[in-house]
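Just so we're aligned, residue 2 is where the sequence shown starts under the numbering used here, counting upward by one. What follows is one structure encoded as structure tokens, with my remarks underneath.
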Amino acid sequence: PGARWHALVRPGGLAALATARVILGHYLVALLIAILELLYGLYALAVRVRSWHALVRMIGASALTGAAGALLCLPWLLRIREGQLLRLGSYFIANNIGVGTGNDQSPQQVEWALGHGLLPLAVLGIVWIVARRRWMGLLFPAWAIVAWIAANPFLIGLNGAGIVSSFAVILAAYLVLCPLAGAGLVAAGEGLHWLLAHSWFKPRRFVPWLQALLVAGIVAWGVRYQAGIVDPQYQLLTPADVAAATWVREHVPPDARIFVNSFPAYADAVYVGTDGGWWLPLLTGRRTNLDPISYGFEAAEEPEYMQRVIERNRAVLDHPVDSVEAVAALKAGGYAYLYDGPAANPPAEYLDPARLDASPLYEPVYSAGGARIWRIR
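What follows is the structure, given as structure tokens:
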């Protein structure tokens, strides 16, 4: 509050850039961070402001910083206004659609978030924060509580469940658990130091070695989890897809369209990919039957583009892949090739390599590492 205005330019500019970066990077993450910023703002007002002058300065600097961040995002925000995002948000709020569908949590998901031994340490960290009166640390559990209410506003009698999904909050649990667990480790270290200081055994010369062993143990414990942090079960793009994309760039005409695996998601509102074929437009420059998932809520150059994406996928998927009707729909859509990647999530994919190889309607032209390409005869 006592800083001069010109001293606030540099941190204010950095905050504006960070604000724009988060908003343009991921809408949902921006909402979650906005909750933390709101809580921190209330904390700062309560703890640091002792006069009307300081209140005006803090609110004024915050408003200018936020306005600068919004100005940097203005071209994109105007495009969002033209798309479906605001309409979908209004629909969620008006119909409270997330209460009944898409916002439940499985015990396995909760176990993912609270496993790995962080929860007991986090609880110990909260106890240490209260005991040491480090009140700012309580922003983390408060953030978790408010974020959960944002995902489930019916808990306090409000609509809008599902705009922020419970699953997204569970995925972000590590942002709260990790710093609190760090406080728990500090508490454990202070407790160990107290025990050594009050015991009959005074191993002062061994304390540095004990500290080094403790740090090494923590690192080894964490590295074991970091080694498996990338779960192949959820990996759609594989090295085999990248190699196949190189073949496509060299052997498939630039204007040829490729049909890839897809399925309807989000209550059949959009079609999404199930393997590395979803990345072919980016990797090869060739058009496919899929777009980035943002086509479902952002503005498009062509009117009713979202509906056309749905129709062009449904026209093919409504028929068995080795049927004459499917081939007719593929040719009507301008497709010349089919692509099947080695990944499959969900596992039941439309393009079945065994049926395609056995069908006289398709010609296999590429097979390596589980990636397969067929030409439509």
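Note that the Cβ used here is the ideal one computed from N, Cα and C, for glycine as well. Owing to the predicted nature of the structure, the values given are computational and were not obtained by experimental measurement.
Q. When we look at the beta-carbon of Thr247 and count the other beta-carbons within 10 Å, is it buried (16 or more) or exposed?
A. Along the sequence shown, read from residue 1 onward, the residue named residue 247 stands at position 246. Looking at its Cβ environment, which holds fewer than 16 other Cβ atoms inside 10 Å, Thr247 is exposed.
Q.
Distance check for Trp195 and Ala123, CA to CA, integer angstroms please.
A. If you number the sequence shown from 1, residue 123 lands on position 122. If you number the sequence shown from 1, residue 195 lands on position 194. Rounded to the nearest angstrom, the two C-alpha atoms are 20 angstroms apart.
Q | Terminal residues of the alpha helix (DSSP H) in which Ala372 lies | A | Residue 372 sits at position 371 when you count from the first residue of the sequence shown. Careful: Ala372 lies outside any alpha helix (DSSP H), inside the beta strand (DSSP E) at Ala372 to Ile377.
Q.
Does any residue of chain C have a CB that is nearer than 8 angstroms to the CB of Ile150?
A. Absent from the structure is chain C; it holds one protein chain and no more.
**Q.** Residue span of the beta strand (DSSP E) that contains Ile259, given as start and end
**A.** By one-based count along the sequence shown, residue 259 stands at place 258. Unbroken beta strand (DSSP E) run through Ile259: Arg258 to Val261.
Q) Are the Cβ atoms of Ala369 and Ala257 separated by less than 8 angstroms? A) Taking the first residue of the sequence shown as 1, we reach residue 369 at position 368. Taking the first residue of the sequence shown as 1, we reach residue 257 at position 256. Not in contact: Ala369 and Ala257 (Cβ atoms no closer than 8 angstroms).
Q: Drop a sphere of 10 angstroms on the beta-carbon of Gly335, count the other beta-carbons inside from all chains shown, and report buried for 16 or more, exposed for fewer.
A: Residue numbering aside, residue 335 sits at position 334 when the sequence shown is read from its first letter. Exposed, because fewer than 16 other Cβ atoms sit within 10 Å of the Cβ of Gly335.
Q: Kindly confirm or deny that the segment 126-137 and the segment 173-190 touch, where touching means at least three C-beta pairs closer than 8 angstroms.
A: yes
**Q.** Backbone CA spacing between Arg250 and Arg287 [nearest angstrom]
**A.** For the purposes of this step, residue 250 is taken as residue 249 along the sequence shown, with counting starting at 1. For the purposes of this step, residue 287 is taken as residue 286 along the sequence shown, with counting starting at 1. Distance between the alpha carbons of Arg250 and Arg287 is about 8 angstroms.
Q: Let me know if Pro154 comes out buried or exposed under the rule of 16 or more other beta-carbons within 10 Å of its beta-carbon.
A: For this step, residue 154 is matched to residue 153 along the sequence shown. That one is buried.
Q. Nearest-angstrom Cα distance between Leu140 and Leu72?
A. Residue mapping note: residue 140 aligns to position 139 of the sequence shown, counting from 1. Residue mapping note: residue 72 aligns to position 71 of the sequence shown, counting from 1. Their backbone Cα atoms lie some 28 angstroms apart in a straight line.
Q. Cα-Cα, which of Asn346, Arg315, Phe298 and Trp149 is closest to Leu37?
A. Counting from one through the sequence shown, the residue named residue 37 turns up at place 36. Looking at the Cα atoms, Trp149 is the closest of the given residues.
Q) Just checking, does the segment 64-71 make contact with the segment 10-22 on the three C-beta pairs under 8 angstroms criterion? A) yes
(Q) Using C-beta distances below 7 angstroms, list every residue in its chain close to Gly138, excluding the 5 sequence neighbours before and after it, in chain order. (A) On the sequence shown, residue 138 is found 137 positions in, with the first residue counted as 1. These residues qualify, in order along the chain: Ile130 and Ala184.
Q.
Could you check whether Arg376 and Val366 sit closer than 8 angstroms to each other, using their CB atoms as the reference points?
A. Against the sequence shown, residue 366 aligns to sequence position 365. Against the sequence shown, residue 376 aligns to sequence position 375. Yes.
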